[in-house]
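Taken in order, these protein sequences are the chains called A and B. Following the numbering used here, the numbering of the first sequence begins with 63 at its first residue and continues without gaps. Following the numbering used here, the numbering of the second sequence begins with 67 at its first residue and continues without gaps. Where is the CB? At the ideal position from N, CA and C, for every residue including glycine. From a predicted model like this one, the values you see are computed outputs, not experimental measurements. This report refers to the structure that appears directly beneath it.
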Amino acid sequence: MIIGVSASAESDVRQSAQDLLRAVGGGLLIGLPLLFTMEMWFHSFLLPSWKIVALFGVSFVVVIGYSAVSGFRRERTRTELLVDCVQTMGIAIVVSAVALLLLGRIGPDIGLRDAIGKIALEAIPVAFGVSLAGSQLASADDDDGEEQGMAGDGNAVGTLGRLVVAAGGALLLALNVAPTEEPVLLGVQAEWWLLALVVAASLAMTFAIVFYADFRGGKTLDRGEDPLDHPVSETVAAYAISLLVSLVLLWSFGRTDGVSASAIIGQVIMLGVLASFGAAAGRLLVGGGASSSRSEA
Amino acid sequence: MRQNWLEWLALVVSILAVVGVVGFLLVDGVRDEGRPPLPLVEVRVAEAYQTPHGWLVPSTVTNDGDSAAEALVLRATAEIGGEVEESELTVDFLPAGTEVDVTFGFSAEPDGEVSVQVIGFRLP
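Here is the structure:
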């Protein structure tokens with residue numbers, strides 16, 4: 063759009079090839095841990111088709127949300143945004159299919175339904191990586207004049223945007239553990255007072271990471287005008303979102319079917335440790351909010 | 067909005083991939099009647115071979131149901147030298163519509179038919 067005016071067609075193609083390669087690289091960076099997770103392979107046939115489609119649809123919505131908040135092409139229309147996100151999912155499917163082929167997880171002797179289910183499930187984390195590659199991982203001089211890297215221009219991201227990104231970060235980190243057995247064991251075996259301590263520790267650590275630890279993109283303790291733009295309320299809101307993301311993930315992988323409420327709460331809190339850290343990392347990544355002050359340092 | 071052939075190619079391939087995967091799963095989801103696992107075992111007696119540790123009979127297990135079976139236990143029964151002999155094995159996972167190759171072992175070549183019984187399985 064902007065760059066196409068002066069550049070020759072050839073360098074245009076080279077630019078596009080770079081974009082695609084970055085998308086594939088980012089997709090693999092985020093997707094590989096789950097491509098190597100046995101439970102992900104099994105869930106392709108343990109989950110019914112409608113649930114896989116539903117999860118794929120939810121991740122599509124997340125990709126749209128993330129793109130809208132942090133997209134690297136600010137000037138695109140809604141239709142363009144949507145088409146870009148379809149392309150993100152498409153690239154993810156292709157990357158996931160090739161990776162599963164190379165890992166020997168799909169092939170001629172695997173049922174078609176099983177193979178497609180595996181491709182669709184593994185495409186979800188890959189799609190998040192592709193989406194990230196489009197915004198966070200682009201080099202600064204990629205598109206001349208265009209500002210890249212969200213930490214620099216985070217003021218454009220409002221409180222709501224920060225919470226959307228917090229949900230994305232929570233999903234990204236918790237997704238790596240959600241399909242495994244560990245959250246079930248941790249949640250079922252923990253006593254109530256242990257769970258209470260875990261909640262307190264999660265809140266304290268994420269609060270400290272975002273507001274005290276002086277990470278790039280971290281914030282000071284000044285409050286903004288928005289009621290959610292206050293360190294305590296933002297931390298609590300992000301934690302609530304993290305717990306919600308954990309619950310959705312556990313439901314996705316059938317961990318809540320026929321399980322008692324207390325066991326579900328235990329699992330949600332344990333998986334919420336990862337989710338809340340992911341949410342904190344996500345918020346650091348976008349910086350922003352009225353009280354952002356360190357991103358330029 | 068797409069500037070060159072490579073971007074167009076990426077877009078077309080992407081749309082095909084998304085439509086293909088989602089379409090396939092949707093059609094499969096509609097066809098899925100929620101039937102329970104239906105394990106079928108084809109015993110290939112003709113392909114049986116001898117080893118120092120017994121006579122091995124390759125078999126193929128398929129699942130004609132709509133849902134997967136976990137920890138499927140199969141028991142094959144055959145008559146060998148006038149005596150009934152049993153061979154038992156477990157299939158970890160039997161997804162719907164998938165073939166799993168297994169092998170039953172006997173002490174010697176079975177006299178006639180090898181019959182297979184499903185002992186049980188877990189619904190995942």
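(request) Starting from the C-beta of S129 (chain A), find all residues in its chain whose C-beta is less than 8 Å away, skip the five residues before and the five after it, and write them out in chain order. (result) L143, D146, C147, T150, S193, G196 and S197
(request) List the residues of chain A whose Cβ lies closer than 8 Å to the Cβ of E192 (chain B), in chain order. (result) Outside the modelled stretch of chain B, which goes from 67 to 190, sits residue 192 (chain B), for which no answer is possible.
(request) Identify the continuous alpha helix (DSSP H) that holds F273 (chain A) and give its terminal residues. (result) W254 to F273 is the extent of the alpha helix (DSSP H) around F273 (chain A).
(message) Strictly below 7 Å CB to CB, what residues from chain B border Q149 (chain A)?
(response) A76, L77 and S80
(request) Identify which residue in A:T221, A:D319 and A:S338 has its Cα closest to the Cα of A266 (chain A). (result) A:S338
(message) Are the CB atoms of A142 (chain B) and P166 (chain B) within a distance shorter than 9 Å?
(response) Strictly speaking, residue 166 (chain B) in this sequence is Val, with Pro absent from that position. Cβ atoms of V166 (chain B) and A142 (chain B): not closer than 9 Å.
(message) For G119 (chain A) and L91 (chain B), what's the separation of their Cα atoms in angstroms?
(response) 12 Å
(request) For the segment 137-162 of chain B, enumerate the residues whose C-beta is nearer than 8 Å to any C-beta of chain C, in chain order. (result) The question asks about chain C, but that chain is absent: this structure's protein chains are A and B.
(message) Helix, strand or coil, according to DSSP, for R84 (chain A) in the structure here?
(response) helix
(request) Tell me D167 (chain B)'s beta-bridge partners as DSSP assigns them. (result) B:T126
(request) Find the nearest neighbour of S275 (chain A) within the set A:A343, A:W255 and A:E287, judged by alpha-carbon distance. (result) Inspection of the sequence shows that residue 275 (chain A) is occupied by Ala rather than by Ser. It is A:A343 whose Cα lies nearest to the Cα of A275 (chain A).
(request) Closer than 7 Å by beta-carbon distance: list the chain A residues that pair up with D130 (chain B), in chain order. (result) The contacting residues do not exist; D130 (chain B) stays about 12 Å from chain A at best.
(request) Output, in chain order, the set of chain A residues within a Cβ distance shorter than 7 Å of P190 (chain B). (result) L108
(request) Please work out which residues of its chain come closer than 7 Å, Cβ to Cβ, to S106 (chain A), disregarding the five sequence neighbours upstream and downstream, and give them in chain order. (result) D176, G179, K180 and L183
(message) Short of 9 Å Cβ to Cβ, which residues in the segment 307-321 of chain A face chain B?
(response) G316
(request) Name, please, each residue of chain A whose Cβ falls closer than 7 Å to the Cβ of V88 (chain B). (result) V115 and F118
(request) Determine the direct distance from the alpha carbon of W254 (chain A) to that of S324 (chain A), and round the result to whole angstroms. (result) 9 Å
(request) Evaluate the contact criterion for the segment 246-265 of chain A versus the segment 325-334 of chain A: three or more CB pairs, one atom per stretch, below 8 Å. (result) yes
(request) Express the C-alpha separation of V239 (chain A) and P245 (chain A) in angstroms, rounding to a whole number. (result) C-alpha separation (whole angstroms): 7 Å.
(request) Identify each residue in the segment 76-99 of chain A for which the Cβ-Cβ distance to at least one residue of chain B is less than 7 Å, and report them in chain order. (result) Cβ contacts with chain B: S78, A79 and L82.
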